[in-house]
Every structure is written in C-alpha cells, then in structure tokens.
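Trainee: Per my numbering, the sequence shown starts with residue 98, numbered consecutively. Beta carbons: idealized from backbone N, C-alpha and C, even for Gly. Pasting a structure below so you can have a look.
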Amino acid sequence: MSETQPSERKSRRGGGRDARRQMRAAGAAGLSAPFITREIDPVDILSEEATEIIEYNAETILEEIGIDFRDDPEALDILRNAGADIKGERVRFPRGLARQLCATAPASFTQHARNPERSVEIGGNKTVFAPVYGPPFVRDLEGERRYATMEDFRNFVKLVYMHPGFHHSGGTVCEPVDLPITKRHLEMIYAHQSLSDKPYMGSVTAPSRATDTVEMSKILFGADFVAENTVVTSLINANSPMTWDDTMLGALKVYARNNQAVITAPFILAGAMSPVSVAGTLAQTLAEAMSGIAFTQAVNPGAPVIFGSFASSMSMQTGAPTFGTPEPAKVLYACAKLARRLNVPFRSGGSLTGSKTADAQAAYESTHTIIPTVMGGVNFVLHAAGWMEGGLVADYAKLLLDADQLTMMQDLVSAIDVSENGQAMDALRETGPGQHFLGSSHTQANFETAFWRSELADNTTYEQWSADGAAESNERARKRVAEMLETYEAPPLDPAKDEELRAYIATRMEDLPDSDF
C-alpha cells in the first residue's frame, strides 16, 4: 500500500494534467490538424426514391411558387438575364434552371489562412469546425448572463485560436453591443485577423461592411492574392419561408464578385417557417438553398458557395425552438445527401441547445446535434461550440466543454486500423488466455495514443475528485478558460500590415456615423 499522502498524490496528478495541457496548447499553436478528414462513409438515411421525390418537389417550389428577392432590382435583373421568370419581386425558375446554374459552383475549395498551415479545405470528405455565431449575450466566468462586449469578442477569438478542437476562427462569435453597430464590424474583423491566424468569416450586416471585410483582407493577404484566392467565408441567411432580402443579397454580391465564399443558408424553425413534416422542410430547404447558390453563380460563375441548412424543431406548446430532437437530425442527414448530389459543400449542425446553463440538457442536446453533424458528412460546422439558450448566449464554459468533444471527432470518423500493429496478433500471442494485457509489449508501445482522452472530464476515483475540490464540469471549464486567457500569446503579425489595418479602421471610424438612424 502506498505511503504517499493525499496532498502529494493530488500534486503529482495535477502536474501530469498540467503537462498534458501544455503539450496540447503547443499543438494548438501549430501542430494540430487544420481540418478533419472523414475515412468512413457518411450516414445515409434517404432512399433513392425519397431523394428523387424531394428534389422534384423542390423544383416544383422553384417553378410554381417561386422565391421572393426583395428590394434589390439589380438581383432581379441578374436572374432575369439568367433565364428566370420575374413578376414583381417573385422569381420563378423554370424546372432545371436553378440546378443548371448551380453546376458552375466548385465541389470544394480552399479557404486560406494567414498562416498557410491553418488553411482549410471545405468540401468532399473534410469537416471544419467553427465556433458559435451571433449571440448578443454571454455567460461569463462568474456565471453571469449579460450583454456581450468587444472584450468578450476578443476573448472568444483567443480561446478559439488556442484550442485544437477548432479549425476556423468563425465570425460574430458574440455581438459586442458596447460598440455602434455601424462600426463594430471593423474591430471584429481586426480581432480575427490580429489575435488568430486561423481563417475567419466576414461581416454581412450591410453591403458596405462586406466591402470593408474584403478591403481589410486585401491589406492582410495582399490584393493580388485575394483576387485569385478565397480568404473569407460568410453567412448569408434566407428569410424563410422562400425569401431573400436586400441586405443579404447585397453582401452576397460583394463577396461573390470578389471570389469570396458565401453560405446560402435557409434558417428554419419547422412548424413556423416550414411545414412540420421532415419531407416538406427538406423540399423547402433545398429550393431556398438552390435559389441562393444559383444567384451566386449568376453573379459570378465559379464563385465558391456552400449549401447551408439550419433547421430546428419547435415546442408546439410554447413556440420555442427545440434542439437535439430526431426530426432536425433527419433533415441534416438528408440535406447532406442532397448537397452531395448537387456537388457542393454543405454547412449545418453544431453543438446546439436550448438550455440556459451548461447542464445535462445542454450536454445531451448538443451531443444529439454534433454526432449527426459529423456522421452525416457536414463540411462546414458553424456553432460547433459555445452555443447556449437557442443561440442567444455564448457561454465561456460551454465553449471549452464542447471543444473538448470536438477533439474526439477525428477518431470517430477514422477507419479502423488493420495494420499489423492494429491487428495486435503479437499481443494476443504474448498474453494468452486468462492473463491481462496491461504489461504486454503492444500495450506499452501504444498506451499513450490508444484511446482518445478528454481534457476536461474527470475520470479519477471519487476520493481523488473530492480531494481535488469536487469541482463539476462547469467549474473546471471556467478555470481552464482563465488559465488559457492568462497564457495567451498572439501569433506574429507583420507590423506594416498591422499599421495599415489600424489606419484603415481609423479612417472608416471617422467616416461612419454612430447610428444608422
């Protein structure tokens, strides 16, 4: 029996955990994989007959019902010249036209990061994880729910940069309400560009803000490089059902004309913004996404575009959105197949929950969203971590709890190792019947990498957990956030580019009003 005292055991265990954390932090700085490569086939729940029915119905929506393109005469002219039937703001696509236009969209593309080792491949058998997007509130390290600030935004960018579970810096990781809406996008884009060297998303809240994103990206990457390469991916949401507005269309045109990627994404609360049935929601989603992809290609054939789908169910008692339920998972699996048949990358999924805190509900709802996301073959995953309260809150603790799970996903979609080492026949011969494998040569050679290990889960004994303070997952995650922010170091940025970016921001800040009104 060991004579080591509990305090000594605690110190030794903690030292081991600290060492592993330091190693993983080093990996995040330059050694972690820039994206996941799926080595198994995606889950397919849609029969060929059902697929053809949904595609036929989507074409019927486009041909008979149509899609509204509102308050943008130029968009209507572009689609009219492409062969669409225009009556007022209603656009109808003759059967087959939208799919024909979509055919010029690339099946996959590279989004370049300022650190080339961080560039991501979007499409095919690749999966890219990006953090939560859009919440006006945060839940901070004291557990307080409050409006987000620019400091919160910077903190989230730092955490995402440091954590190997993320491949992409994302976009509006939270909405910093302490800056005017007319100007905040400048500081937000600069935060992604200066505090991280992972790829990032652009502003879409006005066409001029999309232009600012492109201009700042030209400063960072060089105008010639941006002209020939994609360095920004941005989220263009439809106003479901079957409507695109001038703000989204204006931003889309800016990005498409500059060869920058857009996600044309129906945002659907089934039962309110689409039919309650899975098949009906699928037909509408496909029609809306195809109309957006077709418009992008009509603006600039060959511009990179991603088929987006965000579909949630709803409580028929309260009208609130619900997450982690079976129906949205079915929509996700099916839309992924529809995107593959359209031969374009697909965006959906994440770690979604309607819970108010990072509790058991948050855990199981997020799990029931991220597993279909990965197994279904999603290429670009927005809201992969940190999403809380139906998207109203970005939670510091949940960001890390979710990200910890993201590091598992490459192992989940890797093929089973049937190499000589994987077959482990030597271990079976060496150990034989009735003995354990702990001391076998094979176990000793492979124990460090044999199984995925969580950074935040506690797998010690009850006694050790109690001696360590009986901290639950939320507390452990918040402590880790504080440690990461304290040790953060910004990736090097060319001082001349940094100076030029700050000068551009200063000029635009002077030019822009503090309010749209």
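Buried or exposed for His-533, going by 16 or more other Cβ atoms inside 10 Å?
Mentor: His-533 comes out exposed.
Trainee: Quick check on the DSSP output: the beta strand (DSSP E) that includes Arg-211 runs from which residue to which?
Mentor: Per DSSP, Arg-211 belongs to no beta strand (DSSP E) and is neither H nor E.
Trainee: Just tell me which of Ile-137, Tyr-244, Ala-130 has its CA closest to the CA of Val-471.
Mentor: Of the candidates Ile-137, Tyr-244, Ala-130, the one whose C-alpha sits nearest the C-alpha of Val-471 is Ile-137.
Trainee: With burial defined as no fewer than 16 other Cβ atoms inside 10 Å of the residue's Cβ, what is the status of Thr-584: buried or exposed?
Mentor: By the neighbour-count rule (16 or more Cβ atoms within 10 Å), Thr-584 is not buried but exposed.
Trainee: Could you tell me whether the Cβ atoms of Phe-477 and Val-225 are closer together than 8 Å?
Mentor: Yes, the pair counts as a contact, with Cβ atoms nearer than the cut-off.
Trainee: Tell me the DSSP bridge mates of Ile-278?
Mentor: According to DSSP, Ile-278 bridges with nothing at all.
Trainee: Pull up the DSSP beta-bridge partners for Thr-485, would you.
Mentor: Note on identity: in this sequence residue 485 is Met, with Thr being the wrong assignment. Answer by DSSP bridge pairing, in chain order: Val-490.
Trainee: Taking Asp-411 as part of the beta strand (DSSP E), name the residues at either end of that continuous run.
Mentor: Rather than Asp, the amino acid found at residue 411 in this sequence is Met. From DSSP, the beta strand (DSSP E) with Met-411 extends over 407-411.
Trainee: Span of the beta strand (DSSP E) holding Ala-335?
Mentor: From DSSP, the beta strand (DSSP E) with Ala-335 extends over 329-335.
Trainee: Using only CA atoms, which one of Val-229, Ser-266, Val-274 lies nearest to Tyr-244?
Mentor: Here the closest residue by C-alpha is Val-274.
Trainee: Pull the bridge partners of Val-471 from the DSSP assignment, please.
Mentor: DSSP output for Val-471 lists no bridge partner at all.
Trainee: In whole angstroms, give me the CA-to-CA distance for Gly-185 and Asp-174.
Mentor: Rounded to the nearest angstrom, the two C-alpha atoms are 11 Å apart.
Trainee: State the Cα-Cα distance for the pair Phe-190 and Ala-181, rounded to the nearest angstrom.
Mentor: Each residue's alpha carbon lies about 5 Å from the other.
Trainee: Check this for me: beta carbons of Gly-483 and Val-217, under 8 Å apart or not?
Mentor: Going by C-beta atoms, Gly-483 is not nearer than 8 Å to Val-217.
Trainee: Taking 6 Å as the limit between beta carbons, can you name the residues of its chain near Met-370, skipping five residues before and five after?
Mentor: So the list reads Ser-337, Pro-338, once near-sequence residues are dropped.
Trainee: Using CA coordinates, which residue listed in Ser-305, Leu-383, Glu-239, Gly-474 is at the minimum distance from Gly-163?
Mentor: The shortest C-alpha separation from Gly-163 is found at Leu-383.
Trainee: Hey, how far is the Cα of Ile-142 from the Cα of Ala-431?
Mentor: Approximately 7 Å, taken between the alpha carbons.
Trainee: From the DSSP output, read off the bridge partner residues of Thr-224.
Mentor: Looking at the DSSP assignment, Thr-224 forms a beta bridge with Ile-133.
Trainee: Any idea which residues DSSP pairs Arg-167 with across the strands?
Mentor: Arg-167 is not bridged to any residue.
Trainee: Considering only their Cβ atoms, is the gap separating Ser-388 from Ala-195 smaller than 8 Å?
Mentor: Yes. Within cutoff.
Trainee: Could you pull out every residue in the same chain whose Cβ sits closer than 7 Å to the Cβ of Gly-127, ignoring the five residues on either side in sequence?
Mentor: Reliability of the predicted coordinates at Gly-127 is poor, the pLDDT of 47 falling under 50, and the value obtained from them is presented with this limitation in mind. For Gly-127, where only same-chain residues beyond five positions count, the Cβ hits under 7 Å are Glu-214.
Trainee: Considering only the beta carbon of each residue, do Gly-279 and Leu-498 sit closer than 8 Å?
Mentor: A small correction: the amino acid at residue 279 is Thr; Gly does not occupy that position in the sequence shown. It is not a contact, given that the beta carbons lie outside the stated cut-off.
Trainee: At the level of alpha carbons, what is the spacing between Asn-154 and Ala-380?
Mentor: Each residue's Cα considered, the two are about 6 Å apart.
Trainee: Closer than 8 Å is the cut-off here; do at least three beta carbon pairs connect the region 521-532 with the region 486-495?
Mentor: No contact exists between the region 521-532 and the region 486-495.
Trainee: Going by CA-CA distance only, name the one from Ala-391, Met-505, Lys-427 that's closest to Val-375.
Mentor: For Val-375, the nearest C-alpha among the options comes from Lys-427.
Trainee: What do you get for Met-413, buried or exposed, if any count of 16 or more other CB atoms within 10 angstroms of its CB means buried?
Mentor: Met-413 comes out exposed.
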